[in-house]
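Trainee: Chains as they are written, first to last, in my numbering: chain L, 19 to 126; chain H, 19 to 126.
2 protein chains.
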Amino acid sequence: MDLIFKALADATRREMLDKLLDQPGLTLGDLIAGTEMRRQSASKHVQILEAAGLVVTEWQGREKKHFLNPVPIQEINRRWVDKYSRTRADAILNLKQALEAGSTGKRK
Amino acid sequence: MDLIFKALADATRREMLDKLLDQPGLTLGDLIAGTEMRRQSASKHVQILEAAGLVVTEWQGREKKHFLNPVPIQEINRRWVDKYSRTRADAILNLKQALEAGSTGKRK
DNA sequence: TTGACATGCAGTTGTTTAACTGCATGTTTA
DNA sequence: TAAACATGCAGTTAAACAACTGCATGTCAA
Chain L
19 MDLIFKALAD ATRREMLDKL LDQPGLTLGD LIAGTEMRRQ SASKHVQILE AAGLVVTEWQ
79 GREKKHFLNP VPIQEINRRW VDKYSRTRAD AILNLKQALE AGSTGKRK
Chain H
19 MDLIFKALAD ATRREMLDKL LDQPGLTLGD LIAGTEMRRQ SASKHVQILE AAGLVVTEWQ
79 GREKKHFLNP VPIQEINRRW VDKYSRTRAD AILNLKQALE AGSTGKRK
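1) Would you please state the rounded distance, in angstroms, between the beta carbons of ALA70/H and ALA25/H? I believe it to be under 8 Å.
2) Could you tell me whether the Cβ atoms of HIS84/H and LEU39/H are closer together than 9 Å?
3) Return the chain-ordered list of same chain residues with a C-beta closer than 7 Å to the C-beta of LEU21/L, the five sequence neighbours on each side being excluded.
4) Please list the terminal residues of the continuous alpha helix (DSSP H) segment that includes VAL99/L.
5) Please confirm whether MET19/L and ARG96/L have their CB atoms less than 9 Å apart.
6) Near LEU44/L, what residues of its chain come up, given a Cβ to Cβ distance below 8 Å and the 5 sequence neighbours on each side ignored?
7) Between ARG31/H and the rest of its own chain, which residues show a CB-CB distance below 7 Å, the 5 nearest in sequence each way excluded?
8) In chain L, which residues lie less than 8 Å from LYS24/H when you measure between Cβ atoms?
9) I'd like the list of long-range same chain contacts for ASP23/L, defined as Cβ closer than 8 Å, with 5 residues on each side in sequence excluded.
10) Quick one, which of ASP100/H, PRO90/H and VAL89/H has its alpha-carbon nearest VAL89/L's?
11) Which residues in the same chain have their Cβ closer than 8 Å to the Cβ of SER61/H, if we skip the five residues on either side of it in sequence?
12) Do PRO42/L and LEU72/L have their beta-carbon atoms positioned less than 9 Å apart in this structure?
13) Between the alpha carbons of ARG104/H and GLU54/L, how many angstroms are there, rounded?
14) For the beta strand (DSSP E) containing GLU81/H, list its first residue and its last residue.
15) Hey, is SER103/H's beta-carbon within less than 9 Å of any beta-carbon in chain L?
16) Measuring only the C-alpha atoms, how far is ILE91/H from GLU81/L?
17) Closest Cβ-Cβ distance between GLN58/L and chain H: below 9 Å?
18) Could you check the C-alpha separation between SER59/H and ALA51/H for me, to the nearest Å?
19) Starting from ILE94/L, find everything on chain H with Cβ-Cβ shorter than 8 Å and list it in chain order.
20) Give the interface partners of ILE91/L over in chain H, defined as CB-CB distance under 7 Å, in chain order.
21) Using a Cβ cut-off of 9 Å (strictly closer), state whether ASP48/L contacts chain H.
22) Got a sec, what are the start and stop residues for the beta strand (DSSP E) THR75/H sits in?
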């Protein structure tokens with residue numbers, strides 16, 4: 019779970035996932051096309067995404083095709099985001115009270 | 019958006035959010051109770067959570083009460099997770115083909 | 001009004017991270 | 001089989017991060 023959150027914490031990696039969502043099967047070369055990034059940097063990012071299970075790869079000859087795996091993200095949604103969406107009524111009430119008290123987060 | 023993902027990337031901070039979900043209004047002292055962490059470290063984490071909008075605070079005298087704000091997490095769900103949950107059929111097909119080809123991600 | 005308390009802010013240090021360069025390995029094609 | 005190609009792996013470096021210590025500021029209670 020920690021690996022997934024860490025992987026998603028980087029904007030470059032989120033952009034990679036976006037590309038793979040639109041165009042499944044891109045190679046490493048495809049992924050860096052149009053960017054300033056070196057091949058080796060992108061490769062490291064892919065490793066992190068693979069370790070988190072967010073990207074699955076398949077070798078075809080000398081090319082490595084990359085595919086987005088949406089399951090871990092759905093996992094986050096199910097096991098984590100849902101919990102906070104179902105915020106209990108009293109918690110929301112407390113938050114509202116804090117906000118309505120004119121709280122700015124700054125000490126008076 | 020980047021601030022939210024970065025804030026969620028740390029396990030300590032996710033635990034803080036869990037505590038605030040269960041017990042709205044905890045102080046900094048409450049948050050570090052039972053942990054090895056120093057007050058100052060926890061304070062830094064809270065700053066990061068506040069900057070991401072995940073935590074809202076209210077001063078009551080010399081105490082600072084902390085509240086979870088579920089809105090940014092719901093934002094992530096709406097603007098980001100949904101996109102990957104609605105993965106297009108052909109993308110899933112491509113992924114399945116990659117997996118069924120016995121791909122281990124390792125070069126043959 | 002003074003001492004205990006809750007927190008903030010500044011600075012230090014060790015670890016992690018992300019970029020790079022250089023070289024190695026396996027694959028296709030002429 | 002040799003050259004061009006796609007990628008991997010190792011090592012370096014600079015920036016970001018997370019923990020700490022020490023000191024300052026504002027609040028409560030005797």
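Glycine included, every Cβ here is placed at the ideal spot set by N, Cα and C. Note that this is a predicted model, so its numbers are computed, not measured.
Mentor: Let me lay it out:
1) 4 Å between Cβ atoms; contact.
2) For HIS84/H and LEU39/H, no; Cβs fall outside 9 Å.
3) For LEU21/L, where only same-chain residues beyond five positions count, the Cβ hits under 7 Å are ALA69 and ALA70.
4) No residue range can be given for VAL99/L, since it is assigned to no alpha helix (DSSP H) and is classified by DSSP as neither H nor E.
5) Cβ distance not < 9 Å, so MET19/L and ARG96/L don't count as in contact.
6) Within the same chain, LEU44/L has close Cβ partners LYS37, LEU38, LYS83 and HIS84.
7) A distance below 7 Å between beta-carbons, with the five flanking residues on each side excluded, links ARG31/H to the following residues of its chain, in chain order: ALA25, HIS63, ILE66 and LEU67.
8) ALA27, listed in chain order.
9) Checking the sequence shown, residue 23/L turns out to be Phe, not Asp. In the same chain as PHE23/L, and ignoring 5 residues on each side of it, the C-beta atoms closer than 8 Å to its own belong to ILE94, in chain order.
10) Relative to the Cα of VAL89/L, the nearest Cα in the group ASP100/H, PRO90/H and VAL89/H belongs to ASP100/H.
11) Once the five neighbours on either side are set aside, the close Cβ partners of SER61/H are LEU46.
12) By the CB criterion at 9 Å, LEU72/L and PRO42/L fall outside the cutoff.
13) Between the alpha carbons of ARG104/H and GLU54/L lies a gap of roughly 30 Å.
14) In this chain, the beta strand (DSSP E) harbouring GLU81/H covers 81-86.
15) Yes, its Cβ sits closer than 9 Å to a Cβ of chain L.
16) About 37 Å.
17) Judged by the 9 Å Cβ criterion, GLN58/L is not in contact with chain H.
18) Straight across, the Cα-Cα distance linking SER59/H with ALA51/H is about 13 Å.
19) The answer, in chain order, is VAL99.
20) Within chain H, the residues near ILE91/L are VAL99 and TYR102.
21) Output row for ASP48/L: interface = no.
22) Per DSSP, THR75/H belongs to the beta strand (DSSP E) from 73-78.
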